[in-house]
Each structure stands twice: as structure tokens, then as C-alpha cells.
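Each remark here refers to the structure printed beneath this line.
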Amino acid sequence: MAALHLVPTDVTGTATTPASEKPPFRPRGRAPVTLRELGPDEFDVLDAVFAGLSDHSRYLRFHGATPRLRGAVRRKLAAVDGRRHLAVAAFGPDGEPIGIARLISLGLRDAELAIEVVDAWQGRGVGRRLLAAVAVLGREQCYSRLVADVLTENTGMRVLLASVLPILTVETDGYETTLTADLRAGHPAFVAA
Numbered sequence: 002m003a004a005l006h007l008v009p010t011d012v013t014g015t016a017t018t019p020a021s022e023k024p025p026f027r028p029r030g031r032a033p034v035t036l037r038e039l040g041p042d043e044f045d046v047l048d049a050v051f052a053g054l055s056d057h058s059r060y061l062r063f064h065g066a067t068p069r070l071r072g073a074v075r076r077k078l079a080a081v082d083g084r085r086h087l088a089v090a091a092f093g094p095d096g097e098p099i100g101i102a103r104l105i106s107l108g109l110r111d112a113e114l115a116i117e118v119v120d121a122w123q124g125r126g127v128g129r130r131l132l133a134a135v136a137v138l139g140r141e142q143c144y145s146r147l148v149a150d151v152l153t154e155n156t157g158m159r160v161l162l163a164s165v166l167p168i169l170t171v172e173t174d175g176y177e178t179t180l181t182a183d184l185r186a187g188h189p190a191f192v193a194a
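All residue numbers for the sequence shown refer to our numbering, where the first residue is 2 and numbers rise by one.
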């Protein structure tokens, strides 16, 4: 697996080194994609990724019909601080945002994991790279467990999570499945990143 390259950012989300200095990865059948950490209040990235999700993808991501992000949810998703709320975004060859993976603290060592990739880029490895990148950041911030609540019908996400992260437990409660991953365990999908 190729090394993961993140573009460092300052607290405002501005790249501190040009993206051209960090080699992007090339998803299957697509032009190069760059990953970078998000900074606080990058509403434009959040809005662009949300706009690229179909109604069905929004349903799978937000566990219900979500025609638009309401103010409080939108503000919470943009409140990245680099410690209690980490986020990595993927950008297509023209700089357009195409996906976000995030961790939001659930306490001292646990964090909630969420990921979304715009429909046009799904199934091309972008989600896998985002997931690996945010897992590396979580590990660097001393999180030991990631918790992902996924609709039980979202087989693709459950398979992706299990293929990238060392899953400890899987609990299904009707329509929702909770997967818990152990970041302390070495796992080839993100340790070498």
C-alpha cells in the first residue's frame, strides 16, 4: 500500500505547504486526489461534500432523510479543533472537495467515527484512504477506540470499516450496527500509512 500523504494546515485550515509538495494518490480509474486535515469553520468543504451526496447517500450517512444540513448540525460538523474533533478531507484534481472523514471525542480515549464520500467518487478507494488517514490522526491524538454507528443496511460501510480497522465488537440493535475498533492494535491498512 502506498504511503498516505496529508497536507499540513494551520489552525484556519490553510495549507502550510503547497499541495504540490505532497504527492496525491490516484484512485481506481480517476485523476489524482489529495488529502489534508480540515481546520475550523471550513463550511465550504462541508457544504460541497454534502451537495455531492445523493438522497440515498445522505440517508445512509445521517440515518434519515436529510435534504439539507440544519444550522446546529452544520456548525457542529465544522467545529474542527484538531484534538476533540479531527477531520480529513479529500480533494479531486481540480481542488473540489470529494469526501470527509472525522472523529469526534466521546471521552478521554474514545471517538466517534463518521465518513462521507460524494457519489461520483464512491467505490474508488477514497473512503479507504480517508478512513486510514483519520485513524492515523486519532492514534496520534491518543484515542484508543473508534466507535462507528452505521445503518445495518449499509453493508458497504460495514465492510469498509472492517477491512481498514481492527474491529473489536459489532453490536446490532435493529436498524443500527455499532462497530468498535481498537487503534492500539497494529493493523496493516493504516499502520504503514
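Cβ coordinates follow ideal geometry from the N, Cα and C atoms, glycine included.
What's the C-alpha gap between residue i and residue j?
i	j	result
V171	V137	21 Å
L87	A115	11 Å
L54	A102	14 Å
T215	R85	Past the boundaries of the shown model lies residue 215; the chain is included only from 2 to 194, so the question cannot be answered.
W122	A32	11 Å
R37	G93	12 Å
L161	F44	26 Å
A79	G100	14 Å
A133	V165	7 Å
Y144	D111	6 Å
R185	L39	24 Å
I168	L180	7 Å
D95	V119	15 Å
G65	Q142	31 Å
V148	D183	9 Å
R59	L107	23 Å
A52	R62	13 Å
E175	E97	The amino acid occupying residue 175 in the given sequence is Gly; Glu does not appear at that position. Whole-angstrom Cα-Cα distance: 37 Å.
K23	V81	For K23, the predicted model reports a pLDDT of 39, less than 50, meaning its position is unreliable and no value from the coordinates is stated.
V89	V135	6 Å
H57	V34	24 Å
T178	L104	18 Å
G83	T153	30 Å
T173	A73	28 Å
List the whole-angstrom C-beta distance separating residue i from residue j, where the pair is believed to meet the contact cut-off of C-beta under 8 Å.
i	j	result
R140	V151	Rounded, the Cβ-Cβ distance is 21 Å, inconsistent with contact.
E117	V50	6 Å
R75	L47	7 Å
L131	A91	6 Å
Going by C-alpha distance, which of the options is nearest residue i?
i	options	result
D42	A52, H57 and K77	K77
L109	R146, D56 and A73	R146
Less than 8 Å separating the Cβ of residue i from some heavy atom of the ligand NAD?
i	result
H86	In terms of ligand content, the structure shown is empty, and the ligand NAD therefore cannot be addressed.
Point to revise | At least three beta-carbon pairs within less than 8 Å, the region 63 to 74 to the region 123 to 136 | key: no
Point to revise | Any beta strand (DSSP E) of 3 or more consecutive residues that is wholly inside the region 73 to 120 | key: 86 to 92, 98 to 106 and 111 to 118
Check your understanding: Counting only runs that start and end within the region 148 to 193, where is the beta strand (DSSP E) found for 3 or more residues in a row?
Key -> If we require 3 residues or more, the beta strand (DSSP E) runs fully inside the region 148 to 193 come out as 168 to 174 and 177 to 183.
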